[in-house]
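Respectively, the protein sequence lines represent chains C and U.
When we follow the UniProt record's numbering, the leftmost residue of the first sequence carries the number 1, and every step to the right adds one.
When we follow the UniProt record's numbering, the leftmost residue of the second sequence carries the number 1, and every step to the right adds one.
Note that beta-carbon positions come from the ideal geometry of N, C-alpha and C, so glycine has one too.
Below is one structure, written out as structure tokens, with a few remarks after it.
Protein chains: 2
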Amino acid sequence: MEASAEVSAPVASRRRGEALRRAIFDAVIEQLGSVGYAKLSTNRVAAAAGTGKAALYRRWSNKEELVRDALLDLLPEPPRVDLSASLRDGLLAQLTYLNSTLFDSKGAAFQAFAAAAADQPSELRAFLHETVSVPCQERIAELLRLHTAVPDKDRPLIAAAGPAMLMYHCMSGSLKSTDTQIEAVVDGLLLPLCRER
Amino acid sequence: MEASAEVSAPVASRRRGEALRRAIFDAVIEQLGSVGYAKLSTNRVAAAAGTGKAALYRRWSNKEELVRDALLDLLPEPPRVDLSASLRDGLLAQLTYLNSTLFDSKGAAFQAFAAAAADQPSELRAFLHETVSVPCQERIAELLRLHTAVPDKDRPLIAAAGPAMLMYHCMSGSLKSTDTQIEAVVDGLLLPLCRER
DNA sequence: AATTTAGTGAACCAGTTGGTTCACTATAGG
DNA sequence: CCTATAGTGAACCAACTGGTTCACTAAATT
């Protein structure tokens with residue numbers, strides 16, 4: 001008898017709490033990737049999440065806060081510096097992380113990055129720089145410190161070159177860099193620079 | 001008597017032809033620099049040019065065409081490769097050109113570049129790439145060919161590094177690179193890369 | 001001088017936006 | 001079961017957009 005009552009219980013139809021938040025974040029990221037940041041609208045995010053704007057504004061006070069939180073949720077922590085890995089492998093790992101971070105999810109994070117750069121001044125730009133670029137550069141600089149004789153004063157410039165190349169790649173109209181292209185940056189640019197000292 | 005008639009002749013009040021076109025282009029560039037590409041509107045461009053939207057649409061069929069033409073008018077031709085200059089001076093000249101091109105006029109061209117990168121797919125992005133980045137890279141590659149032993153297959157990567165660094169610089173929230181920073185890219189990155197071979 | 005051309009300013013249109021409010025109600029918690 | 005909470009869907013608002021049209025008229029051309 002109880003088994004029969006369970007079978008016929010109505011299926012929950014409203015998402016609440018974390019489930020709805022998940023759906024909203026997914027919608028933001030999807031919209032960033034498909035229409036870009038400038039054309040991302042709360043109307044469309046709500047529709048894509050299968051909810052209404054009122055639900056968005058219950059949790060976030062404005063659009064920028066929503067997008068920032070969705071990106072914060074999306075962006076992975078940069079990989080730790082693996083002490084046992086070679087310099088080359090370490091550099092490959094950092095640039096592969098950055099490549100994936102920026103360009104996965106149809107380039108949602110890169111879209112946000114470029115849009116932020118085109119919007120002055122921008123908290124979002126600062127946020128993305130501090131959350132993505134700076135950690136990546138710092139880890140690359142750490143690898144240089146551990147494995148090379150590059151002087152302190154030269155490290156920031158070299159550390160920035162990898163990320164710079166990946167972003168330039170996409171600003172020039174290409175898509176996500178391939179593994180081969182990342183290897184070319186490491187082997188053809190970063191490693192030679194380290195050996196030069 | 002004739003001198004007297006000249007003094008009292010009415011001053012022309014409506015701009016026509018090239019004068020109005022100039023004013024419109026100036027307004028576009030100013031708006032790109034101040035509100036960025038996403039927020040640039042035909043309403044505001046017309047107002048800033050001291051004219052009406054009808055005058056814009058008489059000449060350009062849409063907003064994108066207007067912006068493209070204004071940028072085409074703004075962007076200077078990259079400096080020719082000076083055969084008598086040293087490699088360092090040649091590289092400095094090309095990167096200084098790129099820096100000025102992208103970041104003068106309150107960064108109007110860079111604004112457009114970043115916005116285009118955030119808008120997929122984009123004719124504007126292709127246009128800017130072909131008009132700005134590609135010529136600069138080609139001239140840098142030519143300098144490498146003239147002055148260094150860098151093999152053919154390595155030149156594109158190295159040639160891209162300078163422009164990449166300048167753009168990354170601004171995407172990270174900084175403004176136009178200083179001469180010192182450009183020199184650092186040349187002396188700390190490009191020249192060492194060339195010597196490595 | 002008469003005619004043509006292009007500039008002006010205003011009005012118009014449909015569409016969209018970020019943000020707000022509301023009545024209703026599913027859902028969770030007591 | 002009752003109460004509180006949060007989700008839903010709709011409606012609303014002022015503002016703004018790209019693009020269009022129009023009557024008038026300054027300016028150029030014939």
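*Pairing CB atoms from the segment 185 to 195 of chain U with CB atoms from the segment 148 to 161 of chain U, are three or more of them under 8 Å?*
yes
*Pick out whichever of U:Thr178, U:Ala38, U:Ala149, U:Ala161 has its Cα sitting closest to the Cα of Val67 of chain U.*
U:Ala38
*Closer than 8 Å, CB to CB, is Ser172 of chain U near chain C or not?*
yes
*Give the single residue among C:Leu175, C:Asp69, C:Gln137 whose Cα lies nearest to the Cα of Ala164 of chain C.*
C:Gln137
*Can you list, in chain order, the stretches of the alpha helix (DSSP H) that have 4 or more residues and sit fully within the UniProt domain "HTH tetR-type" (18 to 78) of chain U?*
42 to 48, 53 to 59, 63 to 74
*asked:* Is Leu124 of chain U close to the ligand HEM? I mean its beta-carbon at under 7 Å from any heavy atom of the ligand.
replied: Among the components modelled here there is no ligand, and therefore nothing to report on the ligand HEM.
*asked:* So that I know if they touch, is there some Cβ in chain C lying closer than 8 Å to that of Tyr97 of chain U?
replied: no
*Does the segment 169 to 184 of chain C come within contact of the segment 128 to 148 of chain C, defined as at least 3 CB pairs closer than 8 Å?*
no
*Measuring alpha carbon to alpha carbon, tell me which of C:Ala46, C:Met167, C:Arg15, C:Ala184 ends up nearest Phe110 of chain C.*
C:Met167
*Evaluate the contact criterion for the segment 44 to 59 of chain U versus the segment 25 to 32 of chain U: three or more CB pairs, one atom per stretch, below 8 Å.*
yes
*What is the rounded straight-line gap between the Cα of Ala17 of chain U and the Cα of Val35 of chain C?*
Per the sequence presented here, residue 17 of chain U reads as Gly, with Ala not at that position. C-alpha separation (whole angstroms): 37 Å.
*Could you work out which residues of chain U lie near Phe113 of chain C, taking near to mean beta carbons separated by less than 9 Å?*
Ala114, Ala117, Ala118, Met171
*Does the count of Cβ pairs from the segment 84 to 92 of chain U and the segment 73 to 84 of chain C closer than 8 Å reach three?*
no
*Considering only residues of the segment 86 to 117 of chain C, which uninterrupted beta strand (DSSP E) runs meet the minimum length of 3 residues and lie entirely inside it, listed in chain order?*
none
*asked:* For a quick check, are the C-beta atoms of Trp60 of chain U and Asp73 of chain U less than 8 Å apart?
replied: no
*Would you report the Cα separation of residue 229 of chain U and Arg58 of chain C, rounded to the nearest angstrom?*
Limits of chain U in this structure are 1 at one end and 197 at the other, which puts residue 229 of chain U out of reach.
*Buried or exposed: where does Gly52 of chain C fall if 16 or more other Cβ atoms within 10 Å of its Cβ makes it buried?*
exposed
*With distances taken from CA atoms, which of U:Arg15, U:Ala149, U:Ser122, U:Leu95 is nearest Glu64 of chain U?*
U:Ser122
*Within the same chain, show all residues whose beta-carbon is closer than 7 Å to that of Leu32 of chain U, passing over the 5 residues directly before and after it, in chain order.*
Leu40, Ala108, Gln111, Ala112
*Once you ignore the five residues that flank Thr180 of chain U on each side, which residues in its own chain have a CB closer than 8 Å to its CB?*
none
*Between Ala159 of chain U and the rest of its own chain, which residues show a CB-CB distance below 7 Å, the 5 nearest in sequence each way excluded?*
Gln137, Ile140, Ala141, Leu144
*asked:* If the criterion is Cβ atoms closer than 8 Å, does the pair Leu75 of chain U and Gly162 of chain U meet it?
replied: no
*With a cut-off of 8 Å, does the C-beta of Arg44 of chain U fall near any C-beta of chain C?*
no
*Reducing DSSP to helix, strand and coil, say where Pro156 of chain U ends up.*
helix
*With C-beta atoms as the reference, is Val132 of chain U less than 8 Å away from Thr178 of chain U?*
no
_Applying the 10 Å Cβ sphere with the 16-neighbour rule, what's the burial state of Ala117 of chain C?_
buried
_Suppose you measure from the CA of Ser4 of chain C to the CA of Arg21 of chain C; what does that come to, to the nearest Å?_
Per-residue confidence for Ser4 of chain C stands at a pLDDT of 32, beneath the threshold of 50, marking its modelled position as unreliable; the derived number appears in the next sentence. Approximately 33 Å, taken between the alpha carbons.
*Can you name the residues of chain U whose CB is closer than 8 Å to the CB of Leu189 of chain C?*
Leu157, Ile158, Ala161, Leu193
*Asn62 of chain U: which of U:Leu146, U:Asp119, U:Thr42 sits nearest, CA to CA?*
U:Thr42
*Does the beta-carbon of Leu92 of chain U have 16 or more other beta-carbons within 10 angstroms, so that it is buried, or is it exposed?*
buried
*Under 8 Å between C-beta atoms, does Ser133 of chain U make it to chain C?*
yes
*Specify the secondary structure class of Met1 of chain U as computed by DSSP and reduced to three states.*
Any reading at Met1 of chain U must be qualified, since the residue scores a pLDDT of 32, below 50, and its modelled position is unreliable; the value itself is stated next. Note: Met1 of chain U maps to coil in three-state DSSP.
_Which of the three DSSP states is assigned to Ala149 of chain C in this structure?_
coil
*Could you tell me which chain U residues have their CB closer than 7 Å to the CB of residue 212 of chain C, listed as they occur along the chain?*
Past the edges of chain C, shown from 1 to 197, lies residue 212 of chain C, and the structure says nothing about it.
*Check Gly162 of chain U in the structure and name its three-state DSSP category.*
helix
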